[in-house]
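Protein chains in written order, with my numbering: chain A, 255 to 853; chain B, 255 to 853.
Glycine is no exception: its CB is placed at the ideal position from the N, C-alpha and C atoms.
Because the structure is a prediction, the values reported are computed rather than measured.
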């Protein structure tokens, strides 16, 4: 009988002896390997944090004491010890737990996580909130050396050193972000100097896999006065040899054979990913344009920049988890004639909103933002969707915002970005590309020109990026029902092709816009603005994400629930047609007009 | 004859002897005092940087060598030495230079500034761009100890230490942000440990007012290999006794008597400021609700939090220039039952966009964002306008967004924010309040309920926040011309009162929205979305800021140029009336683009 199966909550753990918890740690590690093999997910970080997780729940009185994890990649073990062990095999599925931390999921998740570097700020807030009550409850944050490259963690440490709060931090130092960690602090290894300079007490370093030493060190941390950091050295992937040997590749994994360590080669079965198409396009463009340099914020693999860096090591930068710096750094590069491409997921670029406005757009510098994982991203859930980017970008003066409908268009939009010499953002989704033929040369497109992909007279369907494929499919289905739908690929959110939309809208009498993005302030909203002077002639129905956060699950589920899948588009188009007044209308609607008559 | 008058560019300075440049420094200080006395503006930081400015331009070969200032408060002396001495007396006026750094203004402004903490990132980008050419040009950033509390500066230092670039930084340490600086690093004074831990070479400290020593130290910095920081200790306000004695108060100043140091008491002549009304309201609410705590990011004076902190020192936090941390710290406070109010200017809250989404809204935590300086702010110009906030907030699920039309409404909206227990943002402008009577008790309002302020049947004018006063005035003028305009105070951007707007819009046949915010994705855009199903019945004309950055000048000029002043509203209402079809027309079609308004 495994000890682990008797642990339904950390109370159960705390009743065990120190010898027994060593067994629990071993069993937990085995459990995580089995979960990873069966369900996939974030893997290597959790293995590295097994002893730490056990020690923290053993020493601290969770959930009375507040345990705040950073990011959440390493928290599967925490979930297993806090009543969610069985559910782990459904992790990230719509019927299972989140892949990250969520307050709504468990009282043991003292603070949600997903983006890196937030834990120290949150824990400091909690520590301050508890202080006036003379409360004895303790607060501990766990942050990796990767998360600590995020500027906000510095801000939090610096503030903690100023306040002198009873904040406890475990600095989980495994030398890795997702990829090997970067930064001067990693290079010097001078963690003690760093934390002490900011006014925190430094404890350690301790071997994060020596459970006995770790429990003692965590006890010392618990009993410290004022802000204190325990430096724990761990190995990502610890205890599973393939992951330990290549923790970068094993950061996250699809289900695998736990004995052999064999994994299905990613994407080998289906079409290549958008990420891979982006990497190809970038390599083609960079080969002919030496001004192109590339920046990733600690995601060389996820963004496809690793391949670029292998080919052009002098032209690729990994800033660490430092999106703010990455963007202003790019702006600096651009002032000297380079054409930097910031490859940052849509959700993480949120961190650099101010820098996009203040350092890039205001100065009209030719920086390109390549926003991978735009739209809903499926299993990673609400912290990771890229569904706000159109809204947070389209009001920025001087910025061009584009979205390609396929990988060939992506390469042309990227070429446009690099050659136009203006601030430029291009968003593309997670998942496989459409598999279209690729033109031999990426070439600049006319900026702001939409494309009429299909003629039609009853209703005009307007897609953007990934939704173009859906509206094309919807148009096919509508045709089978005798409805003639025009299809427009908007291509550019900004500048928007108001002329073409007006023309097609007039011809059809109505528009339906479809976006993989929030409805508020999104693409359809931009269409409403552009066509507002024609609103009485061209009713616009907008499909997109409603005003709530989208839970984790499959992308297909998320599209269906949001009503942006093909069936929903077909329904919306039919509804829109039904809503049209008959002719001649009592509420006036213009007759169909010849193309371009009054544009 | 002053030496200073012979210096039209730094070349002229570099022809002088070391003895002569000491004279230049003395004259420059006198010049800055005279400029401050005559024109006002940012003052004390520039006085503290006089010797530094002279030494940098003396030692470095500007503009070939790139000099990157942080923020810009301290750069008036730099402007004086780089051909803009005479223009300084018109600083921040529409016919004069910017109060900050601008690439478009001078080749000596290697990188624009306004928000703190950007200089090291930009300079690192420049250093990397110059490196492959074997370029001998040098790059130096100047950052204050205040700016260095911004997380992005840490990100940049950490990246510089990793890259080993030839980046030079002057750490201008005067112990001040605008207010006295905060942070563990300030408390420990361990600048050497901090920079060395991040992999930078540390030089200094040097007395930043000893020009001889400073020139030598800057020469050593110039000749350093790899990333290096020169620590210069300066005194804010140095050389002008009143400013030196109270550098906080003299951070910025209206014109003053340079001999006596007497300044007109701020705002004493006119109505109190919105900031002051906010501070009053907050004190009233906090007096009865012990859950209220307040957070400022290094702007206790600018946000009015200093008065709160004096009354409730245990309930007020200054995080330093650390908006990201401030927001997540607030979220942490909120998890334990507190009701934090983040008082951050609209423009600076841009830094924390991701944290608002990820840490506050997603977790539905009761954090209030009190966004002062919303709308155009006049003389501080494009880096400081708060004209994007509606757009970057209104697509965030769970967030309430409000704007009060007067100071009484402000206190009620704040009370609503604190009591409703939900994420809440309230925006209010720079400048004097309207001077309305204040109800004795701030009381919660019905969320999402707009207010019909004036009945009318011809056109409905919809204002929000500060523009409500303008639409009221416009309605008066229209009445004198025989046009009956209804006036609606929208009050809530989100949730928007679509019902009232539809009702009034139907009655009048059209709506005109007026916002002190970007047109793209802004308030009027939200109205279009809400009324899209009624678009054929209720044409909406939107007034707001066109899609370009708004230059510095007076707020009145900015409103007039944007077409949101009273006269423009009157014109727009009349145009809208002219454009209405008399009855369902057969051929009528509105222009594709509204004249001027939506362009």
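Test item: CB-CB of residue i and residue j under 8 Å
i, j, result
"residue 870 (chain A)", "residue 599 (chain A)", "Here chain A has residues from 255 to 853 only, and residue 870 (chain A) is not among them."
"residue 747 (chain A)", "residue 823 (chain A)", "no"
"residue 797 (chain A)", "residue 818 (chain A)", "yes"
"residue 570 (chain B)", "residue 563 (chain B)", "yes"
"residue 809 (chain B)", "residue 672 (chain B)", "no"
"residue 745 (chain A)", "residue 704 (chain A)", "yes"
"residue 698 (chain B)", "residue 770 (chain B)", "no"
"residue 620 (chain B)", "residue 593 (chain B)", "yes"
"residue 574 (chain B)", "residue 409 (chain A)", "yes"
"residue 644 (chain B)", "residue 776 (chain B)", "yes"
"residue 453 (chain B)", "residue 401 (chain B)", "no"
"residue 383 (chain B)", "residue 587 (chain A)", "yes"
"residue 458 (chain A)", "residue 482 (chain A)", "no"
"residue 628 (chain B)", "residue 640 (chain B)", "yes"
"residue 362 (chain B)", "residue 434 (chain B)", "no"
"residue 740 (chain A)", "residue 715 (chain A)", "yes"
"residue 731 (chain B)", "residue 595 (chain B)", "no"
"residue 749 (chain A)", "residue 701 (chain A)", "yes"
Three-state secondary structure (DSSP) of residue i
i, result
"residue 362 (chain B)", "coil"
"residue 483 (chain B)", "strand"
"residue 792 (chain A)", "coil"
"residue 847 (chain B)", "With a pLDDT of 35 at residue 847 (chain B), under the threshold of 50, the modelled position of this residue cannot be trusted; read the value that follows with caution. Three-state DSSP puts residue 847 (chain B) in coil, outside helix and strand."
"residue 320 (chain A)", "strand"
"residue 708 (chain A)", "strand"
"residue 355 (chain A)", "coil"
"residue 527 (chain B)", "strand"
Proximity winner among the options, relative to residue i (alpha-carbon distances)
i, options, result
"residue 346 (chain B)", "B:388, B:304, B:293, B:335", "B:293"
"residue 366 (chain A)", "B:662, B:641, B:618", "B:618"
"residue 430 (chain A)", "A:451, A:491, A:420", "A:491"
"residue 550 (chain A)", "A:602, A:500, A:589", "A:602"
"residue 369 (chain A)", "B:730, B:608, B:286", "B:608"
"residue 654 (chain B)", "B:637, B:678, B:666, B:670", "B:678"
"residue 518 (chain B)", "B:530, B:420, B:504", "B:504"
"residue 634 (chain A)", "A:371, A:804, A:275", "A:804"
"residue 737 (chain B)", "B:502, B:709, B:756, B:579", "B:709"
"residue 335 (chain A)", "A:298, A:597, A:285, A:296", "A:285"
"residue 413 (chain B)", "B:450, B:428, B:388, B:445", "B:450"
"residue 631 (chain B)", "B:554, B:534, B:528, B:606", "B:528"
"residue 544 (chain B)", "B:554, B:532, B:566", "B:566"
Residue i Cβ short of 7 Å to the ligand NAD heavy atom set
i, result
"residue 577 (chain A)", "The ligand NAD is absent from the structure shown, which contains no ligand whatsoever."
Residue i, enclosing alpha helix (DSSP H) - first and last residue
i, result
"residue 815 (chain B)", "809 to 816"
"residue 832 (chain B)", "820 to 833"
"residue 266 (chain A)", "264 to 268"
"residue 472 (chain B)", "465 to 476"
"residue 758 (chain B)", "752 to 762"
"residue 277 (chain B)", "272 to 293"
Element boundaries [beta strand (DSSP E), containing residue i]
i, result
"residue 494 (chain A)", "That residue, residue 494 (chain A), is in no beta strand (DSSP E); it is neither H nor E in DSSP."
"residue 398 (chain B)", "393 to 398"
"residue 596 (chain A)", "593 to 597"
"residue 679 (chain B)", "678 to 683"
"residue 403 (chain B)", "No beta strand (DSSP E) holds residue 403 (chain B); DSSP gives it neither H nor E."
"residue 721 (chain A)", "Residue 721 (chain A) -> not in any beta strand (DSSP E); alpha helix (DSSP H) instead, spanning 721 to 734."
"residue 769 (chain A)", "765 to 772"
Cross-chain neighbours of residue i in chain D, by beta carbon under 8 Å
i, result
"residue 428 (chain A)", "Absent from the structure is chain D; the protein chains it does hold are A and B."
- [ ] Quick one: which unbroken alpha helix (DSSP H) runs of 4-plus residues sit fully inside the segment 411 to 463 of chain B? Chain order, please.
- [x] 438 to 442, 445 to 451
- [ ] Note down, one range per segment and in chain order, each beta strand (DSSP E) of at least 3 residues found wholly within the segment 538 to 598 of chain B.
- [x] 546 to 550, 570 to 572, 593 to 597
Task: Segments assigned alpha helix (DSSP H), at least 4 residues, entirely inside the segment 634 to 702 of chain B - done: 643 to 647, 661 to 674
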